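Asks: Here you go, one structure.
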Ligand code: LAG
Ligand code: CA
């Protein structure tokens, strides 16, 4: 949506990535492009089976002390709660008396009223109980759905009341049948709730609204890659982690990869070896609905925005002859083992458990029912006879495309020789 723009020459970093999390209106006019460009992207993607999910910021508008013109040309004045581009006025914001903190900001994560009714880092808090606000947010969601988007990541859902979110979702249109969705299909929602067993707001409070981000998974995968013996406990219900059919899991995201929300014990593209192992294991194992990250290189500057042109608009992604990205883009999704493991995940989706588990601290392997078999090695190369649980036959190993023979008893000789891509995967019905 239209967002705050922080130009050069202020005391703040110029055009930081996080300016996008300060909405000015719901026009599709951002640093990434204009309305027509957005429509064109969504519809070209749908035509080739790629779905688009919008990162929707509907807990708040821009921060206090900010005023001027947004990325789409709308004027605004946060201190006056004035956002004519929507339009929102003072009545659309949470009444000050409903926030129990002295300075009006969220400052007590032990109190759900404080977390949800106060301003998150000074961002002006929308009053989600108001039918007018609910309708305006739903109109925004519907305008995206009508273009052809498939669903939403709801930013800062932890700071919204689940009942308010539900009302907004219920008012939203069904997906667009002209864009290839079946009739009467609801948008897919995943809610950003950072729950690390450290407050009054839990992922369980959002059951029934869709999927919920499970940030404890980020910690668990970091520890598990460091010490393989911890990998079988990656879903830990005793720790409060969301049920398998509710959890939305990922190795890192745009916040915790750079030390913002939910950071600590996070692996990223900056540790490529451990990162490959972590993403491969995540895509291989059955817990949760998985998301992979695709980044630009931010070096050590945790504020810097994406590669940009001289007018600060986002620069193009340049793809090299070997299918990788350049021009400042990292594109983890194009790293060979990550791309291939997405195929594996889709192929084994029907198998809900990990079976035939093997783990000696350096090699981890398991099957997914009889649909697929996965192995990875931390150091060195692998040559080992293991039970794959798969029907006899010849399979093409996903990363190397080498032929692999599964014997009549389900065993196979498993080899990994490339220490750069220390992953082995075979599955029924997938090609390398
Ligand atoms: C989220 N989850 O609940 C996002 O995933 C997270 O990235 C968002 O914060 C946050 N909610 C609000 O949407 C990001 C940055 C913040 C930034 C904020 C607004 O992590 O650092 O705050 O977006 O742009 C910035 C300044 C603050 C200032 C605030 C308001 O860093 O110092 O108080 O703006 O002006
Ligand atoms: Ca709120």
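Residue numbers (the working numbering): 57 to 488.
For every residue, glycine included, the Cβ atom is placed at its ideal position computed from N, Cα and C.
All figures in this text were calculated on a predicted structure; none of them were measured in a lab.
1. Flag this pair as touching only if the region 91-110 and the region 159-167 have three or more C-beta atom pairs under 8 Å; answer yes or no.
2. If you check the beta carbons only, do residue 87 and residue 351 fall under 9 Å apart?
3. Collect the residues with a C-beta less than 5 Å away from any heavy atom of ligand 2 and give them in sequence order along the chain.
4. Rounded to whole angstroms, what is the Cα-Cα separation between residue 108 and residue 204?
5. With 16 as the cutoff for other CB atoms within 10 Å, does residue 335 come out buried or exposed?
6. Determine which residues share a DSSP beta bridge with residue 364 and list them.
7. Tell me whether the beta-carbon of residue 388 lies closer than 9 Å to the beta-carbon of residue 348.
8. When DSSP labels each residue in this structure, what does residue 408 get in the three-state scheme?
9. Report yes or no: do three or more beta-carbon pairs, one from the region 113-123 and one from the region 171-187, lie closer than 8 Å?
10. Would the beta-carbon of residue 74 be found less than 8 Å away from any heavy atom of ligand 1?
11. Apply the 10 Å Cβ neighbour rule to residue 457 and answer buried if 16 or more other Cβ atoms are within range, or exposed otherwise.
12. Taking residue 213 and residue 248 to be in contact with their CB atoms under 8 Å, please state how far apart those CB atoms are, rounded to whole angstroms.
13. Within a Cβ cutoff of 6 Å, which residues of the same chain sit near residue 486, ignoring the five residues on either side of it in sequence?
14. How long is the line joining the alpha carbons of residue 230 and residue 191, rounded to whole angstroms?
15. According to DSSP, residue 209 sits in a beta bridge with which residue or residues?
16. Quick check on residue 328: does DSSP put it in helix, strand or coil?
17. Leaving aside the five residues before and after residue 437 along the sequence, list all residues of the same chain whose C-beta is less than 7 Å from its C-beta, in chain order.
18. State whether the region 271-282 contacts the region 244-262, with contact taken as three or more CB pairs (one from each stretch) at a distance under 8 Å.
19. Can you name, in chain order, every residue of its own chain whose Cβ lies under 7 Å from the Cβ of residue 308, other than the five neighbours on each side?
20. Is the distance from the Cβ of residue 198 to the Cβ of residue 228 below 9 Å?
21. Considering just the uninterrupted stretch of the alpha helix (DSSP H) at residue 29, what are its terminal residues?
22. By DSSP, does residue 172 sit in helix, in strand, or in coil?
23. Answer with buried or exposed for residue 365, where buried requires no fewer than 16 other C-beta atoms within 10 angstroms of its C-beta.
24. Go ahead and pull the three-state DSSP assignment for residue 429.
25. Short check: CB of residue 302 to CB of residue 259, under 9 Å?
26. Just the Cα atoms here: how many angstroms apart are residue 459 and residue 412?
27. State the start and end residues of the unbroken beta strand (DSSP E) segment that holds residue 87.
28. What does residue 440 pair with, by DSSP beta-bridge criteria?
29. Which residue from 215, 484 and 68 puts its Cα closest to that of residue 491?
30. In terms of DSSP beta bridges, what is residue 352 paired with?
31. Would the C-beta of residue 119 count as close to ligand 1, meaning under 8 Å from any of its heavy atoms?
32. Give me the Cβ distance between residue 470 and residue 440, rounded to the nearest whole Å; I'm assuming they're in contact under 8 Å.
33. Might you give, ordered along the chain, the residues of its own chain that have their beta carbon closer than 8 Å to the beta carbon of residue 332, omitting 5 neighbours on each side?
34. Helix, strand or coil for residue 97, going by three-state DSSP, please let me know.
35. Looking at the structure shown, is residue 434 part of a helix, part of a strand, or coil, going by DSSP?
36. Let me know the beta strand (DSSP E) ranges lying completely inside the region 119-202, each 3 residues or longer, listed in chain order.
Replies: Let's see:
1. no
2. no
3. 115, 172, 181 and 215
4. 8 Å
5. buried
6. 370
7. yes
8. coil
9. yes
10. yes
11. exposed
12. 5 Å
13. 399 and 403
14. 15 Å
15. 111 and 246
16. helix
17. 472, 473 and 475
18. yes
19. 274, 322, 323, 324 and 349
20. yes
21. Coverage of the chain is limited to positions 57 through 488, which leaves residue 29 absent and any answer about it impossible.
22. helix
23. exposed
24. strand
25. yes
26. 21 Å
27. Taken as a continuous stretch (DSSP letters only), residue 87 belongs to no beta strand (DSSP E), as it is neither H nor E.
28. 470
29. Because the chain is modelled from 57 through 488, residue 491 falls outside the range shown and cannot be assessed.
30. 385
31. yes
32. 5 Å
33. 391, 393, 394, 477, 478 and 479
34. helix
35. coil
36. 123-125, 131-133 and 179-181
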